[in-house]
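Undergrad:
2 protein chains.
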Amino acid sequence: MNPYNAPLAEMRFLLEKVFDAPKTWSEMPAMAESVDIDTAAAILDEADKICRELIHPINRNGDEQGVRLEADTVITPDGYKEVYNQYAEGGWVGLCGDPELGGMGMPKMLGVLVDEMAYSACNAFTLYGSLTAGAALAIHAHGTEEIKQQYLPMLYSGEWSGAMDMTEPQAGSDLRNIRTKAVPNDNGSYNITGSKIFITGGDHDLTENVIHLVLAKLPNTSGISLFLVPKIKVNQDNSLGEANGVSVGSIEHKMGLKGSATCVMNFDEAEGYLIGKPNRGLVCMFTMMNYERLAIGIQGLGTSQAAYQMAADYAKERIQGVAAGGSPTCATTDPILVHGDVRRMLLTIRTLTEAGRALSVFTGQQLDLAKYAEDADVKAKAARYVGLLTPVSKAFLSDRGLDAAIMAQQVFGGHGYIRETGIEQLVRDTRIAQIYEGTNGIQAIDFLGRKVTGDNLTALRELVAEQVTNINSYSKVDDADKAKVLALLEQLLEVASGVNENKLKQPALINACAVDYLDAFGYTLYGCFWLAMADAAQDHEDPMFALQKAQLNRFYMDKLLAKAEYHLSQVNKGDLSIMQMDENLF
Amino acid sequence: MNPYNAPLAEMRFLLEKVFDAPKTWSEMPAMAESVDIDTAAAILDEADKICRELIHPINRNGDEQGVRLEADTVITPDGYKEVYNQYAEGGWVGLCGDPELGGMGMPKMLGVLVDEMAYSACNAFTLYGSLTAGAALAIHAHGTEEIKQQYLPMLYSGEWSGAMDMTEPQAGSDLRNIRTKAVPNDNGSYNITGSKIFITGGDHDLTENVIHLVLAKLPNTSGISLFLVPKIKVNQDNSLGEANGVSVGSIEHKMGLKGSATCVMNFDEAEGYLIGKPNRGLVCMFTMMNYERLAIGIQGLGTSQAAYQMAADYAKERIQGVAAGGSPTCATTDPILVHGDVRRMLLTIRTLTEAGRALSVFTGQQLDLAKYAEDADVKAKAARYVGLLTPVSKAFLSDRGLDAAIMAQQVFGGHGYIRETGIEQLVRDTRIAQIYEGTNGIQAIDFLGRKVTGDNLTALRELVAEQVTNINSYSKVDDADKAKVLALLEQLLEVASGVNENKLKQPALINACAVDYLDAFGYTLYGCFWLAMADAAQDHEDPMFALQKAQLNRFYMDKLLAKAEYHLSQVNKGDLSIMQMDENLF
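The listed protein sequences correspond, in order, to chains A and B. Mapping the first sequence onto the numbering used here, position 182 (from 1) lands on 182, and the numbers just tick up by one. Whatever position you read off the second sequence (first residue = 1), add 1000 for the numbering used here.
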């Protein structure tokens, strides 16, 4: 298997030329001193090195070996612990964490690129750090000063890890029905009792403590509250105390992601501490959840990039058949890259991956603006964008991640079905990204129901208006392409208006049409990003880079943009044919 | 896990009402005496019982246990051997075989339905019998009378099994480069030497002998010939003789299909017998290959049906959330079948599966006509249809099979990623169907290049004209839907004409656009079949059956038919954006 190499030129191009990170950073005092484009480039170089030399090499064996439960502790695959230690010591877990509490204070716009590399290198390994960073974010936003001081430095440093404990057997997408109880103690803590399932990183041997954020109900309430529950109790001086009634019931045997521990966690009067206000646990958990939703989209993006590299390398090496119309080198057999169908698959993966990276960086930029911008209006608008873009990033990036892995596997032919080539692992590993942290159906309903129609299209109109302005400013792309994307943006508004008008008299409309609407939005937004990239690339110092982006843009405009039209037409078809059939006829 | 239940009502409806099997059979002397609709229904009932009670129960364990290589023999998972014996003794391997040599002489139109059930019950197990039936077909078509008498009764009875040995490490899609040699002996036999990879059922413990059909080259030729090479030599009296220089090099570790042995087979001066003429081996092998291509399409179809059943059952049982607009039963939580997005997924799987079954039965009918029809014109036309439909059945059914399995897994949410629920196994098992027996890209190129434009659209025009006549005769479906499908049929011809006109000056056009053309054809043909089914169902004795088919047709017409338009538009966009990029820029 070839080593992983991060697409550093593409990453830097997006930061510098497409989304003007230097300007964004210079305008935010919290960022202006800590990061500039050269620092960012150095960090990306270092992340590339770590992903190539440390993380990617443990990927295949982790899949073969998997995690195992031994004497009540989950043991991770060979090499995970050593690599995790180095990863944590390098400060990568706390890359975007609060510098006053031990984080590195880097912008999310940069963090998403590092996350992408890590997921490209190994889906399963990267989750441990991602959940830790997400838990830290929620604690930072909603914890008391005491809790923050006690836990955040240890999470940012990677000495302890984080987990998100929500799902119970009877309460998955519908969290109203959780049964885990929290009983107050006299000292201000709570005793947590209940059982949680599907807990990623719920237990493992990478860190000495695991900090659980647990959803539970206070006595005599139907509301849900959030509690911090350490696996091992923490003394005032941060040394570890006694065990805390937290145990692993079992680990799941899964389709993939075998190096990631998915645990049934049992809490038996475990001591926990309230995070945020009583009965407001879902709001607090959503701080972590939204972080993880973007992260999981990036899991799909990282998979796409890894899949592209593997398939492109294979297509250049594998000799089979002759080019239609004769071999370009007059050989009797050619690399399969000469075949139109192989190119079609590679170009599909590549154009979706590069636009996906743009979506990821753009979302990261909005997160930074929402957190650090000085101007209240800028901040508020960015927060609306984050709301709009989070479900899209989660669903569209993870859906395209599976598509990419499957298409790359197809490029490998029969060899793609064999475990040792590693491409089938990508398919199995990334499949979960469409499911966990809220299924992609639920993301779409959140998007169309809450984020688009729920605020009467305000955020959507802003985003569309901004894209229209941007597109009109591009002078180095075809007018016909610009017109097509502009027309789709207009249609996105029209169709959403129609849904908004009809949603009360057709209560099933949003649920039934949300996935198509999200897909239409995704393919259109990728069209916006391709125009932006193709336009910006024409000034690139490397003429081949400019040519390549122009040709990739041509492919996207010719071959993929029209998917947006198909999906919009489906929303317009409404919910009748979906809802009318009697349940007994299914 | 719920038991598998064959969709018997749907199957009988297709045979009797949609494709008028009784008429087809009564007009063919070879069929008229052996089968009528009641016999067919009895056979389907029996097949359903065997699939439910014998084959499906070994599916999960076969995946967990897999095959293993022990002392040069492949050992299949527990239960495989006992079930295979009963399956073979029931005559199922030879269901469509020549009755003069021990087959049951049943029509393929019926055989495809039995195949579907078996693949629904267990993908991996069913391959052993499928390859045996395919090998028998090739021997029947191209073997000498002596070979036929010696081998076919043992293959039809399932006492021996068959394998297809084509691929070598350097020769996959491009078989010109095979290196396996065949040296003639004085007694008319040949010594075969070489190594083959990816040999499904190349060795196993289910039968006492394995009959390999091996592609090899005669001395001083570049042509390819076909040889029958038994694992163990066969004496004149059909008793087994000595070992024959055929050995298993290793078995592959795969993404799925773990109960199916995928072998590296080594031939070391193994005795073989020429099948067909020297240097005409590919033509002979294509008899088996075409059989397997349809079978592999049916693997995808069987997967779709199994996926639908599992997901529909789950959606009725799993309680989560409340219906948009309020619970229909005023419950606080509803089965997830109330949610539009879940229904959308189930209806997508179901409408594609039912139309896929129609494609499978229609292709089976054409195979029967091509083989048994009295009228030479009818026979020749059916043979053209078989040529046209085989790559479509293989690719479109297997592509939709993966889509179905993935969508069904999505319905299961987090539980779909866990091995014990079994739905993830379907995804892993069916993934290979898009790759083996010629990748789906190669099917599409065969379809558009050879079958459509290669004969100047003759067969396509015939098929379209027939569908136009059929559609115009339907009186119980919407005229608007008829018009949409008719327009698509017309566009299929127009677009293919365009490709045909440009294929010489744009040599990469077919390769680059074939997959989109095949998809456009598939979705349009499914539209034809849905109109046919909805029209025929209105006379059904069960009014709920009629209502259900009308509602499924409504869904297909509203939500899926437009995919044909998208794919046609892609063919019209041509190959420029696919071919222009320099290979170094990938």
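Just so it is clear, CB atoms sit at the ideal spot from N, CA and C, and this is done for glycine as well.
Which residues in chain A sit within 9 Å of B/Thr1167, going by Cβ to Cβ distance?
TA: Gly414
Undergrad: Thinking C-beta only, is B/Ile1211 closer than 8 Å to B/Pro1169?
TA: no
Undergrad: Give the interface partners of A/Phe198 over in chain B, defined as CB-CB distance under 8 Å, in chain order.
TA: Gly1414
Undergrad: Any idea if A/Ala376 is buried or exposed, counting beta-carbon neighbours within 10 angstroms, 16 or more meaning buried?
TA: Label assigned to A/Ala376: exposed.
Undergrad: To the nearest angstrom, report how far apart A/Asp626 and B/Thr1353 are at their CA atoms.
TA: Because chain A spans 1 through 586 in this model, residue 626 of chain A falls outside it and cannot be assessed.
Undergrad: Ordered along the chain, which non-local residues of its own chain (more than five positions away) have a Cβ less than 6 Å from that of A/Ala536?
TA: Cβ within range, chain order: Lys17, Val18.
Undergrad: Would you be able to state if there are at least three C-beta pairs under 8 Å between the segment 1106-1118 of chain B and the segment 1059-1072 of chain B?
TA: no
Undergrad: What does the Cβ neighbour count give for A/Ala587, buried or exposed, with the cut at 16 atoms within 10 Å?
TA: Here chain A has residues from 1 to 586 only, and residue 587 of chain A is not among them.
Undergrad: Which partner residues does B/Gly1272 have in the DSSP bridge list?
TA: B/Tyr1190
Undergrad: Compute the distance between the beta-carbons of A/Ile192 and A/Phe227, then report whether it is under 8 Å.
TA: The answer is yes: Cβ separation under 8 Å.
Undergrad: Is it buried or exposed for B/Val1183, if we count other Cβ within 10 angstroms and need 16 for buried?
TA: exposed
Undergrad: Once you ignore the five residues that flank A/Lys233 on each side, which residues in its own chain have a CB closer than 8 Å to its CB?
TA: Leu240, Gly241, Glu242, Ala243, Asn244, Glu271
Undergrad: Do the CB positions of A/Gly300 and A/Ala261 come within less than 8 Å of each other?
TA: With contacts defined as CB atoms closer than 8 Å, A/Gly300 and A/Ala261 fail to qualify as a contacting pair.
Undergrad: Using only the alpha-carbon positions, how far apart do A/Ala564 and A/Phe521 sit?
TA: Distance between the alpha carbons of A/Ala564 and A/Phe521: 7 Å.
Undergrad: Using a C-beta to C-beta distance shorter than 8 Å, which residues of chain E count as neighbours of A/His253?
TA: You won't find chain E in this structure, because its protein chains are A and B.
Undergrad: Would a C-beta distance cut-off of 8 Å place A/Met581 and A/Asn553 closer than the cut-off?
TA: no
Undergrad: With 16 other CB atoms within 10 Å as the buried threshold, where does A/Gly387 fall?
TA: buried
Undergrad: Which of helix, strand or coil does DSSP assign to A/Ile37?
TA: It is helical.
Undergrad: Anyone know if the C-beta pair for A/Gly325 and A/Ser398 falls short of 8 Å?
TA: no
Undergrad: Are the CB atoms of B/Ser1157 and B/Gly1094 within a distance shorter than 8 Å?
TA: yes
Undergrad: Chain B beta carbons: is any one of them nearer than 8 Å to that of A/Lys559?
TA: With 8 Å as the cut-off, A/Lys559 counts as an interface residue toward chain B.
Undergrad: Of the residues B/Asn1502, B/Tyr1517, B/Ser1473, which one's Cα is nearest the Cα of B/Leu1488?
TA: If we check each option's Cα against that of B/Leu1488, B/Tyr1517 comes out closest.
Undergrad: Shortest alpha-carbon distance to B/Ile1058 belongs to which of B/Gln1434, B/Pro1003, B/Leu1213, B/Leu1504?
TA: B/Pro1003
Undergrad: Considering Cα atoms alone, identify which of A/Ile224, A/Met11, A/Leu152, A/Ala141 is closest to A/Glu100.
TA: A/Leu152
Undergrad: Starting from the beta carbon of A/Met579, find every residue of chain B whose beta carbon is closer than 8 Å, and list them in chain order.
TA: Gly1340, Arg1343
Undergrad: In chain B, which residues lie less than 8 Å from A/Ser569 when you measure between Cβ atoms?
TA: Ala1562
Undergrad: Tell whether a beta-carbon distance below 8 Å holds between A/Tyr128 and A/His204.
TA: yes
Undergrad: Give the DSSP-derived three-state secondary structure of B/Val1392 in the structure shown.
TA: helix
Undergrad: By the 10 Å Cβ neighbour count, where 16 or more other Cβ atoms means buried, how is B/Pro1219 classified, buried or exposed?
TA: exposed
Undergrad: Check B/Ser1250 in the structure and name its three-state DSSP category.
TA: strand
Undergrad: Which whole-angstrom value is the C-beta distance of B/Leu1294 and B/Ser1225, which I expect to be below 8 Å?
TA: Contact between B/Leu1294 and B/Ser1225 does not hold, since their C-beta atoms are separated by about 25 Å, which reaches or exceeds 8 Å.
Undergrad: Which residues in the same chain have their Cβ closer than 8 Å to the Cβ of B/Leu1257, if we skip the five residues on either side of it in sequence?
TA: Asn1123, Ala1124, Leu1127, Arg1428, Asp1429, Ile1432
Undergrad: State the DSSP-derived secondary structure class of A/Cys96, mapped to helix, strand or coil.
TA: coil
Undergrad: Give me, in chain order, the residues of the same chain whose beta-carbon lies closer than 8 Å to that of A/Val322; leave out the 5 immediate sequence neighbours on both sides.
TA: Ala331, Thr332, Thr333, Asp334, Val338
Undergrad: At a cut of 8 Å, does the segment 132-140 of chain A reach the segment 280-295 of chain A through at least three beta carbon pairs?
TA: Remark: three or more beta-carbon pairs, one from each stretch, lie closer than 8 Å, so the segment 132-140 of chain A and the segment 280-295 of chain A are flagged as touching.
Undergrad: Please give me, in chain order, every unbroken run of the alpha helix (DSSP H) with length at least 4 that falls completely inside the segment 1398-1434 of chain B.
TA: 1423-1431
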